[in-house]
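Working notes, beginning with the structure itself.
Now the structure itself:
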């Protein structure tokens with residue numbers, strides 16, 4: 005491998021590392037922020053709470069933050085996939101004795117393994133979830149809390 009390829013490989017690895025780290029950090033920040041909002045939201049249901057009037061705003065914030073952080077996660081995921089593509093090219097150029105040492109290439113071929121059709125429950129219990137699947141479930145969960153309250157408020161307003 006010449007100096008230029010070595011530089012580009014290091015650049016791709018650094019790019020991958022930065023964006024993978026950024027993705028986890030951003031998600032952690034989202035979890036803390038949404039947990040605080042949710043705690044405040046659920047505290048507003050206490051009879052002696054003075055936060056009842058803030059409940060609709062908290063619900064809207066939960067939905068907005070979930071959407072914004074979901075979009076940020078999609079962007080980070082795209083940047084990580086970019087770096088993985090570059091690293092796969094460098095792995096293809098290597099003449100390693102054991103193909104298992106080509107981690108990005110091995111992972112990509114494992115992703116193409118056909119999925120057997122199972123019942124939804126067996127699928128959930130047996131299949132591995134990606135970070136994206138797990139993150140999306142968390143985004144959806146927090147957004148659902150806000151959406152339920154928004155629809156509840158709209159229903160109350162419509163019914164008078």
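In the working numbering, the protein residues as written are 5 to 164.
No residue lacks a Cβ here, since even glycine has one placed at the ideal position from N, Cα and C.
Nearest by alpha-carbon distance to residue i: which of the options is it?
| i | options | result |
| --- | --- | --- |
| residue 85 | 7, 71, 16 | 16 |
| residue 110 | 89, 72, 125, 82 | 89 |
| residue 10 | 133, 161, 95 | 95 |
| residue 49 | 105, 39, 153, 38 | 153 |
| residue 12 | 105, 162, 93 | 93 |
Residue i to residue j, Cα distance in whole Å?
| i | j | result |
| --- | --- | --- |
| residue 87 | residue 155 | 41 Å |
| residue 23 | residue 107 | 18 Å |
| residue 36 | residue 61 | 18 Å |
| residue 178 | residue 149 | Any property of residue 178 remains undetermined from this structure, which presents the chain solely from 5 to 164. |
| residue 137 | residue 14 | 29 Å |
| residue 59 | residue 33 | 22 Å |
| residue 151 | residue 126 | 29 Å |
| residue 69 | residue 131 | 29 Å |
| residue 67 | residue 102 | 48 Å |
| residue 28 | residue 135 | 10 Å |
| residue 160 | residue 51 | 19 Å |
| residue 7 | residue 75 | 37 Å |
| residue 164 | residue 129 | 44 Å |
| residue 71 | residue 141 | 12 Å |
Which same chain residues end up closer than 7 Å to residue i when comparing Cβ atoms and leaving out the 5 residues on each side of it in sequence?
| i | result |
| --- | --- |
| residue 31 | 77, 139 |
| residue 65 | 41 |
| residue 26 | 80 |
| residue 73 | 30, 34, 143 |
| residue 157 | 60 |
Taking residue i and residue j to be in contact with their CB atoms under 8 Å, please state how far apart those CB atoms are, rounded to whole angstroms.
| i | j | result |
| --- | --- | --- |
| residue 20 | residue 91 | 6 Å |
| residue 45 | residue 63 | 7 Å |
| residue 39 | residue 47 | Between residue 47 and residue 39 the Cβ distance is about 12 Å, and since that is not below 8 Å, they are no contact. |
According to DSSP, is residue i helix, strand or coil?
| i | result |
| --- | --- |
| residue 99 | coil |
| residue 137 | helix |
| residue 55 | coil |
| residue 48 | coil |
| residue 80 | helix |
| residue 164 | coil |
| residue 131 | coil |
| residue 86 | helix |
| residue 6 | coil |
| residue 106 | coil |
What does a CB cutoff of less than 6 Å around residue i pick up in its chain, not counting 5 residues either side in sequence?
| i | result |
| --- | --- |
| residue 99 | none |
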